[in-house]
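A.B. asks: Structure provided below as structure tokens; questions to follow.
Residue numbers (the numbering used here): 17 to 985.
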């Protein structure tokens with residue numbers, strides 16, 4: 017063993033500490049764009065303004081400087097609107113972890129933390145109505161921090177600033193729909209756009225009202241229904257906006273003052289005392305008005321089309337095959353599972369006949385019975401269906417040939433963020449073949465020769481058009497990079513000469529045309545009213561798109577969110593032969609994603625409260641005299657110069673709006689106090705903690721003191737991360753005084769580790785540790801030093817709702833103490849499989865100490881794990897389901913079977929010590945844990961367990977436990 021540890025240590029260093037190199041793919045370009053800056057030094061940087069510290073990796077420098085240049089102005093404006101200004105600086109993190117538009121305002125964070133993602137909202141989204149999306153997202157997240165940062169003035173809030181941030185307290189004081197709804201109002205007031213004024217959101221709420229499916233008051237905080245979580249923003253803000261219109265613009269600020277007053281009030285009490293009615297009752301009144309106005313706006317126009325397929329929930333994309341005989345549809349169900357299906361166009365005669373036969377049999381048995389009503393449609397059966405791994409997040413499926421489709425799927429990038437990359441899917445076998453790496457694609461369209469795609473690459477706020485080979489993933493530039501220039505919805509003309517896309521022109525979304533030969537840009541100028549325009553698709557018959565229209569209000573009264581009238585979102589077509597446009601659908605529906613299968617048959621998606629259904633209609637119906645509601649007209653093409661390049665914009669911002677950046681180092685530190693406890697049938701304990709750290713995890717720490725009947729523990733724990741290397745150290749003083757185990761231990765341990773991602777579904781984690789410990793038993797002190805090398809391999813994959821995986825782990829330790837040397841070897845493996853939220857797992861672990869180990873170093877199993885317990889491998893294997901030192905010896909072999917169902921973990925454990933007979937245990941446990949939010953909250957774990965176990969003396973004993981602890985590592 018003495019010769020093995022140095023060899024393994026060398027292997028660890030060789031694998032985990034490669035030659036210095038940036039893991040970010042665009043570092044060379046950052047160096048080129050910023051020649052005065054060296055890439056040597058801290059890759060994490062901080063920009064400071066009067067009211068913010070902006071933290072970012074240097075690859076995000078241009079985006080961070082753009083935020084810095086506008087932050088203070090947005091902050092002051094939002095503060096004035098809310099009526100409260102906090103003096104403490106905010107910490108803002110820049111990144112793009114999920115490659116989608118998002119922002120978060122995290123409570124319980126280091127300082128007061130905001131995170132902004134660098135991907136812009138797409139034109140088809142509810143958040144897509146903007147002229148500058150950064151102002152929209154920044155004002156929304158700042159509204160959260162400022163609104164929720166006002167401390168309560170009641171005596172009950174006296175300790176809030178010591179225990180938690182005020183925004184965390186207020187986050188619990190207000191319902192979620194209030195916090196999100198008010199931030200949505202602020203975003204719309206600040207920008208004059210946003211979701212309050214979005215035609216898409218207004219049309220969606222109108223559709224829900226017509227169907228009688230607006231959320232109840234109890235559903236405002238979010239449900240699993242279609243658009244159920246979005247209703248927190250859409251309907252929550254609409255209700256608050258209505259309150260402002262009906263009762264006065266200052267009523268909401270009065271409500272916040274009452275909710276934080278010296279006299280303690282719940283939200284319901286603060287609301288009722290101000291509005292003289294409960295929020296539940298006023299919400300019912302608001303919904304009644306919404307429904308009335310929606311019905312009034314519906315008019316007598318009959319909606320066009322008829323349902324072709326009831327899709328059940330959400331359709332991510334829908335596209336006809338090249339021969340127009342099949343449909344390729346990417347769908348997502350209410351649980352987030354994604355499937356890629358191919359449908360034929362033939363009627364499902366088999367399903368119709370089965371239904372008719374069932375009704376015939378029903379009436380034969382009972383002629384007085386009433387048969388079932390025929391459904392709206394008999395869904396066509398899928399010819400092929402590929403069920404995706406939920407983690408892959410498939411989007412934008414397009415035909416490649418009769419047997420293959422292209423999709424964008426999540427892949428882990430070199431900087432460990434997720435980004436969308438192009439992949440090829442075999443529609444028969446389900447096999448997925450990756451095509452691109454590191455391009456972070458937002459959109460793409462297949463070229464006529466089917467050998468390449470035109471795509472939009474997006475990283476750190478920069479967009480660029482690329483041509484990507486489907487053969488090897490190689491690429492070439494089509495356009496220069498543009499900074500903060502959102503574009504999406506690529507569509508290519510049938511001859512492959514012109515590219516259509518959505519982009520901003522004169523601060524609104526317009527259809528842009530790009531001539532691939534000449535490089536000339538044109539903008540399509542349409543005379544349509546409304547602020548929604550998206551869903552491009554170019555076919556031989558023209559360019560199809562969806563857009564909104566408006567109707568003027570019948571009264572002179574100022575419109576509220578519920579009284580604004582829309583005429584739906586319709587499908588349209590551009591004809592470039594005569595520069596004409598034509599409306600294709602009618603009614604109040606949301607009709608999107610239109611395409612034709614021939615000259616007369618139109619397909620599109622219709623959004624309802626149940627989800628998105630596929631509709632079809634005969635285009636010839638538009639030409640009938642009775643159908644004059646279909647609008648038409650002429651459009652113009654305006655030639656435009658290429659937009660200003662990103663580098664120039666970024667440099668101008670740097671010179672005028674932001675100061676020099678600083679190395680992030682250990683970052684701003686924040687701290688809080690916390691309490692923990694546990695109770696079981698045999699023991700009871702309390703603990704006090706101080707914990708804190710920086711937003712990016714460079715340095716986090718926890719000081720814990722724990723006192724219980726059988727153990728008194730204290731610990732100082734530190735951890736951090738530099739590049740891809742994680743380090744952890746702990747200083748412990750643990751005193752155990754159980755009936756079978758009496759020992760005092762003082763230890764200093766540490767480790768460095770690195771996780772290597774071998775693929776999208778597998779990883780290898782290696783760690784190297786060192787420890788020194790002083791153990792006192794029966795007044796005899798023993799000192800020992802340990803060296804540890806540990807590895808863990810994990811694999812997880814899924815096919816639709818079925819998921820599976822396995823793991824391997826091994827540990828080698830070398831001990832020296834009291835003139836003796838001994839070793840420990842552990843190994844184990846596990847396997848798991850499940851369906852949806854249910855999982856069945858098996859695990860085996862073998863812990864083996866050499867026979868030369870002294871008794872004070874023997875392994876023990878069982879005992880309460882506290883916030884002050886060691887979190888590194890040592891001779892105590894703590895498990896709160898068993899009493900302290902339930903078993904002890906030189907070798908443990910453990911088999912465990914567990915089934916997780918609806919959040920409850922049912923387990924069976926068989927534990928064998930040395931040559932003794934095995935002991936069994938079984939029971940159940942439930943655990944709730946918070947991770948990846950902030951240094952003040954990460955690791956909080958609430959656990960309940962009840963189990964029955966054997967001992968050497970008794971066949972059965974039972975133990976029930978409840979704990980609130982803080983896992984740190």
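Note that CB positions come from ideal geometry on N, CA and C, so glycine has one too. Bear in mind that the values here come from a model prediction, so they are computed numbers and not experimental data.
In the DSSP assignment, find the beta strand (DSSP E) that holds residue 85 and state where it starts and stops.
C.D. replies: Here residue 85 is taken as the residue at index 69 of the chain shown, counted from 1. Where residue 85 is concerned, there is no enclosing beta strand (DSSP E), although the alpha helix (DSSP H) it sits in stretches over 77 to 98.
A.B. asks: Tell me the start and end of each unbroken beta strand (DSSP E) in the segment 748 to 784 that is at least 3 residues and wholly inside, in chain order.
C.D. replies: Correct list: 757 to 773.
A.B. asks: In this structure, does DSSP put residue 912 in helix, strand or coil?
C.D. replies: Position 896 of the chain shown holds residue 912. Residue 912 falls in the strand class under three-state DSSP.
A.B. asks: Quick check on residue 570: buried or exposed, where buried means 16 or more other Cβ atoms within 10 Å of its Cβ?
C.D. replies: Locating residue 570 in the chain shown gives position 554, counting from the first residue. Since pLDDT at residue 570 reaches only 40, below the 50 mark, its modelled position is unreliable, and the value read off the structure follows with that caveat. Burial call: exposed.
A.B. asks: Quick one: Cα of residue 59 to Cα of residue 683, how far?
C.D. replies: Counting from one through the chain shown, the residue named residue 59 turns up at place 43. Counting from one through the chain shown, the residue named residue 683 turns up at place 667. Each residue's alpha carbon lies about 13 Å from the other.
A.B. asks: Determine the burial state of residue 385: buried for a count of at least 16 other Cβ atoms within 10 Å of its Cβ, exposed for fewer.
C.D. replies: As a working note, residue 385 is residue 369 in the chain shown. With fewer than 16 Cβ atoms within 10 Å of its Cβ, residue 385 is classed as exposed.
A.B. asks: Suppose only complete runs of 4+ residues qualify. What are the alpha helix (DSSP H) ranges in the segment 685 to 709, listed by chain order?
C.D. replies: If we require 4 residues or more, the segment 685 to 709 turns out to have no alpha helix (DSSP H) run fully inside it.
A.B. asks: With DSSP collapsed to three states, give me the class of residue 451.
C.D. replies: One-based indexing of the chain shown puts residue 451 at position 435. Correct three-state label for residue 451: coil.
A.B. asks: Taking the alpha-carbon positions, what's the residue 212 to residue 57 distance?
C.D. replies: Indexing the chain shown from 1 puts residue 212 at position 196. Indexing the chain shown from 1 puts residue 57 at position 41. Going by the C-alpha atoms only, they are around 45 Å apart.
A.B. asks: Could you give the uninterrupted runs of the beta strand (DSSP E) lying entirely in the segment 430 to 508, keeping only those of 3 residues or more?
C.D. replies: Qualifying beta strand (DSSP E) stretches, in chain order: 434 to 442, 448 to 450, 457 to 462, 468 to 475, 478 to 485, 491 to 493, 503 to 508.
A.B. asks: Which term fits residue 977, buried or exposed, when burial requires 16 or more other beta carbons within 10 angstroms of its beta carbon?
C.D. replies: As a position in the chain shown, residue 977 is number 961, starting the count at 1. The residue in question, residue 977, is buried, as its Cβ has 16 or more Cβ neighbours within 10 Å.
A.B. asks: Do residue 634 and residue 657 count as a contact pair if the criterion is CB distance below 7 Å?
C.D. replies: In the chain shown, counting from the first residue as 1, residue 657 sits at position 641. In the chain shown, counting from the first residue as 1, residue 634 sits at position 618. No, they are not a contact pair.
A.B. asks: Let me check understanding here. Comparing Cα to Cα, which of 238, 169, 224 lies closest to residue 191?
C.D. replies: Along the chain shown, read from residue 1 onward, the residue named residue 191 stands at position 175. Ranking 238, 169, 224 by Cα distance to residue 191 puts 238 first.
A.B. asks: With H, G and I counted as helix, E and B as strand and the rest as coil, what does DSSP make of residue 70?
C.D. replies: Working through the chain shown from its first residue, we reach residue 70 at position 54. Residue 70 falls in the strand class under three-state DSSP.
A.B. asks: According to DSSP, is residue 1 part of a helix, a strand, or is it coil?
C.D. replies: Since the first and last residues shown for the chain are 17 and 985, residue 1 lies out of range.
A.B. asks: Under the DSSP definition of a beta bridge, which residues are partnered with residue 518?
C.D. replies: Taking the first residue of the chain shown as position 1, residue 518 is located at position 502. Answer is 504, 527.
A.B. asks: Along the chain, where does the beta strand (DSSP E) that runs through residue 224 open and close?
C.D. replies: What you label residue 224 is simply residue 208 of the chain shown in a count that begins at 1. Counting along the chain, residue 224 falls outside any beta strand (DSSP E), though it belongs to the alpha helix (DSSP H) covering 215 to 227.
A.B. asks: Nearest to residue 326 by CA position, among 488, 169, 620, is which residue?
C.D. replies: The residue given as residue 326 occupies position 310 in the chain shown. Out of 488, 169, 620, 620 has the C-alpha closest to the C-alpha of residue 326.
A.B. asks: Name the DSSP beta bridge partners of residue 830, please?
C.D. replies: Here residue 830 refers to the residue found at position 814 of the chain shown. According to DSSP, residue 830 bridges with 803, 839.
A.B. asks: Where DSSP assigns a beta bridge to residue 336, which residues make up the other side?
C.D. replies: Locating residue 336 in the chain shown gives position 320, counting from the first residue. Bridge partners of residue 336: 343.
A.B. asks: Starting from residue 680, trace the beta strand (DSSP E) in both directions and tell me its first and last residue.
C.D. replies: As a first step, residue 680 must be located in the chain shown, where it is residue number 664. That residue, residue 680, is in no beta strand (DSSP E); it is neither H nor E in DSSP.
A.B. asks: With a Cβ-Cβ cutoff of 7 Å, do residue 848 and residue 821 count as a contact?
C.D. replies: Position 832 of the chain shown holds residue 848. Position 805 of the chain shown holds residue 821. Closer than 7 Å, so yes.
A.B. asks: So what does DSSP say about residue 672, is it helix, strand or coil?
C.D. replies: For the purposes of this step, residue 672 is taken as the residue at position 656 of the chain shown. Because the pLDDT of residue 672 is 40, which lies under 50, any placement of that residue in the model is unreliable, and the question is left without a value.
A.B. asks: Would you mind sorting residue 133 into buried or exposed? The rule is 16 or more other CB atoms within 10 Å of its CB.
C.D. replies: In the chain shown, counting from the first residue as 1, residue 133 sits at position 117. When all chains shown are included, residue 133 counts as buried.
A.B. asks: Quick one: any contact between the segment 888 to 903 and the segment 911 to 918, if contact means 3 or more CB pairs under 8 Å?
C.D. replies: Contact fails: fewer than three Cβ-Cβ distances are below 8 Å.
A.B. asks: Could you please give me the residues that DSSP links to residue 656 through a beta bridge?
C.D. replies: By one-based count along the chain shown, residue 656 stands at place 640. Its beta-bridge partners are 537.
A.B. asks: Express the C-alpha separation of residue 778 and residue 362 in angstroms, rounding to a whole number.
C.D. replies: Your numbering for residue 362 matches position 346 in the chain shown. Your numbering for residue 778 matches position 762 in the chain shown. Roughly 42 Å between the two C-alpha positions.
A.B. asks: I need the DSSP call for residue 307, collapsed to helix, strand or coil.
C.D. replies: Mapped onto the chain shown, residue 307 falls at position 291. Here residue 307 sits in helix by DSSP.
A.B. asks: When we look at the beta-carbon of residue 73 and count the other beta-carbons within 10 Å, is it buried (16 or more) or exposed?
C.D. replies: Here residue 73 refers to the residue found at position 57 of the chain shown. With 16 or more other Cβ atoms within 10 Å, it is buried.
A.B. asks: Buried or exposed: residue 797, going by 16 or more other Cβ atoms within 10 Å of its Cβ?
C.D. replies: Locating residue 797 in the chain shown gives position 781, counting from the first residue. Residue 797 should be labelled exposed.
A.B. asks: In angstroms with no decimal places, state the Cα-to-Cα distance between residue 545 and residue 565.
C.D. replies: What you label residue 545 is simply residue 529 of the chain shown in a count that begins at 1. What you label residue 565 is simply residue 549 of the chain shown in a count that begins at 1. Computed Cα separation, rounded: 5 Å.
A.B. asks: Short of 7 Å in beta carbon distance, which residues of its chain neighbour residue 328, apart from the five on each side in sequence? Order them along the chain.
C.D. replies: Working through the chain shown from its first residue, we reach residue 328 at position 312. Closer than 7 Å at Cβ, skipping near neighbours: 349, 627.
A.B. asks: State the beta-bridge partners of residue 928 as determined by DSSP.
C.D. replies: Position 912 of the chain shown, counted from the first residue, corresponds to residue 928. Beta-bridge pairing links residue 928 to 909.
A.B. asks: Candidates 629, 882, 872: which alpha carbon is nearest residue 334's?
C.D. replies: If you number the chain shown from 1, residue 334 lands on position 318. For the residues 629, 882, 872, the minimum Cα distance to residue 334 belongs to 629.
A.B. asks: According to DSSP, simplified to helix, strand and coil, what is residue 890?
C.D. replies: In the chain shown, residue 890 corresponds to position 874, counting from 1. Here residue 890 sits in coil by DSSP.
A.B. asks: Given this structure, state the Cα-to-Cα distance separating residue 452 from residue 485, to the nearest angstrom.
C.D. replies: Taking the first residue of the chain shown as position 1, residue 452 is located at position 436. Taking the first residue of the chain shown as position 1, residue 485 is located at position 469. Residue 452 and residue 485: Cα-Cα distance of roughly 9 Å.
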